[in-house]
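Here the structure is laid out as structure tokens; the discussion comes afterwards.
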Amino acid sequence: MSVVDTLMDPLERLLQTHASRMAGVVIALVIGFLWIPIGVLVFMSFADGGVLSFPPDKLTLRWYRVFLNNGTARAAIVTTLTISVPATAVSVALSTMAAYAIDRFVFPGRRGLQLLATLPIIVPLVVTGVAMVLFFRGTLGLGGYPSTVLAHVVRTVPFATLVILPTFLTFDRQLEEASKDLGADELRTFTGVTLPNVLPGIIAGGLLAFTLSFNEFVYTYFVKGSGDPTLPVYIWNEIRYNVTPEVNVISVVFLLLAVSMVLVAVSLTKVELLARR
Amino acid sequence: MAEGDAETAGGLTGLVTYFRERPRLRTLAVAGPPYAMLVLFFAIPLVVMLLVSFQTDRIGGAWTLANYTEFLTSETYLTVVWQTFIISVIVTAVVTAVGYALAYSIVRFSRRTTLLLLLVILPFWTSYIIRMYAWINILQSGGVLDSTLQLLGLPAVSLLYSQPAVLIGFTYVWLPLAVLPFYASLTNMDGDLIEASKDLGAGPIRTFLSVTLPTTINGVITGVILVFIPTFGSFITPRLLGGTNNIMIGMVIENQFKQAFNWPFGAAIGMVISVVVVCLLILGTRLGGGLISGGDGT
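So the protein sequences, as listed, match chains A and B.
When we follow the numbering used here, the leftmost residue of the first sequence carries the number 1, and every step to the right adds one.
When we follow the numbering used here, the leftmost residue of the second sequence carries the number 278, and every step to the right adds one.
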């Protein structure tokens, strides 16, 4: 005991006096680790020299022009949107229903619903992706487009539910009682009291579902088959076969989309809600 | 016009009354659609995968155990599984240590919690492939790291297509995801416990080991599961950042579906991964990890 103590005590004192400074260092290092690669991408999108040479000779907007004139990349964005927009709409509707049911009703299978709405986050994407090709394409004989939309719904529902559920759980239900006491029926209470209170959470869930769907790669890669690629699949092909600096520009597009969507989502709810599990 | 409105309202009110008198039907109407979607398009595909894994090299073929015997008797595949396991363990350990240190620093020592949390989760919402591509930029020979070191007169390094590159890539993508449960469990913890421990004479290390860590262990287990499982099934990171020696099990599946077109064999490997996942989940929930959204809370 004494040996351990003599070793531990100076260490304990060291930590005691410098704890706050050490925490600052940890925060700075990790935030730097998370953001420097993103900074590099943005910087390199302005680099003039051919493929991936660092440091660049001079800065230019050339690759942005190349990107804007690239018909394949533009088509890929449109393809992604034709999948993400309907998938997000369906996902938000289903997630809101799931959140409402989990919050309000006690029913057999309630835990089952919670489990089912969480598992797609945990099961490795390859496994679910493979299972979906086998069922959607193999068993049901669905085409690439409906299969991909369904896959995106499965991918986004758990995250949207995760964001929407807390807004239902924290909603003060006495407001509904008050509304009913004042003579409103369930419908008027829902549209006049409940909905305005949970709407920000639902919109936030929708924005994050859209971001996730726009970025979705693994399910799409397996399920969609050949044909027009989505933007993430297009980038995957570019990176694997012929890297051009244009990929840096597309990266910036992805970044701007994600940052703006998440910032709006966070302004609608609390950032802590996104951290809730 | 007014009449039409009244009629719609009447119809809706009628519907409300109808459902008020039938609470079970009402529950079914609300919970049913998301339930049905998840069963039909998530659970059933997994069952189909299980069935297909027992078929010969084409769907609808005869029943067989060949896919499993082929996989489990091949030294190459077993080496890949072992390699995947080792990489997943290292990544999980690093991400847990760094992520916990970060969450702890934010919760206990920073006042700008919201901003910092935002800075941590934002990268998570950008494209996975883009984040890997950023590391190709940095790690390749002649890349950002290499050039910077050479400018400083240090020896050149090219880490791309190596195991360290794979480990860095995984750490980068999973850190934000792991910080969230750590953060949640640390904020839910009663800070007075730490004060009490210090008042009783324990230093920061003893306080951490005997008070903080045990009270937040559920969050730690959740984080471990959230990192280990997706790493174990990943193919993007080793494909983009790893070399020919860094084959992971997810890449073998990808190969079966994208090149070899042996779906039943791919399904069998999918089942092998699923078994690992299920075992870990059971172990994790036994140990107290909270994974179900909106559940009893971690």
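Glycine included, C-beta positions come from ideal geometry on N, C-alpha and C.
Since the model is a prediction, treat every value here as computed from it, not as a measurement.
Exclusion of the five residues before and after TYR381 of chain B leaves LEU463 as the residues of its chain whose Cβ lies within less than 7 angstroms of its Cβ. The C-beta of TRP412 of chain B comes closer than 8 angstroms to at least one C-beta of chain A. The count of Cβ pairs closer than 8 angstroms, one atom from the region 96 to 116 of chain A and one from the region 234 to 252 of chain A, stays below three, leaving the stretches out of contact. Non-local beta-carbon contacts of THR189 of chain A in its own chain, meaning distances under 7 angstroms to residues more than five positions away in sequence, involve GLU176, SER179 and LYS180 in chain order. Listed by position along chain A, the residues whose Cβ is nearer than 7 angstroms to that of VAL375 of chain B are VAL30.
In the three-state scheme derived from DSSP, where H, G and I count as helix and E and B as strand, GLN360 of chain B is classed as helix. Look at ALA23 of chain A here: in three-state DSSP terms it is helix.
The criterion of a C-beta distance shorter than 8 angstroms is satisfied by MET97 of chain A and PRO310 of chain B.
A direct Cα-to-Cα measurement between TYR354 of chain B and PRO120 of chain A gives close to 26 angstroms.
ALA433 of chain B is a Cβ neighbour of ASP423 of chain B, given a cutoff of 8 angstroms. Under the Cβ distance rule, ALA473 of chain B does not count among the residues neighbouring chain A, no pair being separated by less than 8 angstroms.
Listed by position along chain B, the residues whose Cβ is nearer than 7 angstroms to that of GLU246 of chain A form an empty set, because the closest Cβ is around 12 angstroms away.
Here GLU238 of chain A is buried, its C-beta having at least 16 other C-beta atoms within 10 Å.
For ALA433 of chain B, the three-state secondary structure derived from DSSP is coil.
The Cβ of LEU399 of chain B sits closer than 8 angstroms to at least one Cβ of chain A.
With respect to PHE210 of chain A, SER95 of chain A sits apart: the two C-beta atoms are not nearer than 8 angstroms. Taking the CA atoms as reference points, THR6 of chain A sits about 53 angstroms from PHE168 of chain A. Interface residue (Cβ-Cβ distance to chain A less than 8 angstroms): LEU444 of chain B is not classified as such. Taking 3 residues as the minimum length, the region 498 to 567 of chain B contains no beta strand (DSSP E) run wholly inside it. Along the region 320 to 335 of chain B, the positions whose C-beta sits under 8 angstroms from a C-beta of chain A are ALA320, ILE321, PRO322, LEU323, VAL325, MET326 and VAL329, read in chain order. Each residue's CA atom was taken as its position, placing LEU305 of chain B and ALA313 of chain B some 10 angstroms apart. In the three-state reduction of the DSSP assignment, ALA47 of chain A falls in the strand class, which pools E and B.
Of the candidates A:ALA47, A:ALA76 and A:GLY24, the residue whose Cα lies closest to the Cα of ARG62 of chain A is A:ALA47. If you check each beta-carbon in the region 229 to 258 of chain A against every beta-carbon of chain B, the ones closer than 7 angstroms belong to PRO232, ILE235, TRP236, ILE239, VAL247, SER251, PHE254, LEU255 and ALA258. Less than 8 angstroms divides the Cβ of GLY561 of chain B from the Cβ of ILE498 of chain B. A Cβ-Cβ contact shorter than 8 angstroms links THR373 of chain B with VAL504 of chain B. Under the Cβ criterion (8 angstroms, minimum of three pairs), the region 11 to 20 of chain A does not count as touching the region 218 to 236 of chain A. Relative to the Cα of ARG110 of chain A, the nearest Cα in the group B:SER487, B:PHE512 and B:VAL307 belongs to B:VAL307. Chain order gives no chain A residues near PRO432 of chain B, where near means a beta carbon separation below 9 angstroms; the closest approach is about 17 angstroms. Taking a Cβ-Cβ cut-off of 7 angstroms, the neighbours of ALA378 of chain B in chain A comprise VAL26, given in sequence order.
Exposure of MET8 of chain A is indicated by the presence of fewer than 16 other C-beta atoms within 10 angstroms of its C-beta.
Looking at B:VAL397, B:ILE321, B:LEU349 and B:GLY565, the one whose alpha-carbon comes closest to that of PHE33 of chain A is B:VAL397. Taking C-beta atoms under 8 angstroms as the contact rule, LEU208 of chain A and PHE159 of chain A qualify, at a distance of about 6 angstroms. If one requires a minimum length of 4 residues, the alpha helix (DSSP H) runs lying completely within the region 96 to 175 of chain A are 110 to 116, 119 to 122, 125 to 132 and 144 to 169, in chain order. With respect to the C-alpha of GLY71 of chain A, the residue from A:LEU212, A:ASP228, A:ALA28 and A:MET44 having the closest C-alpha is A:ASP228. DSSP, reduced to helix, strand and coil, places LEU342 of chain B outside both helices and strands of the structure shown, so it counts as coil.
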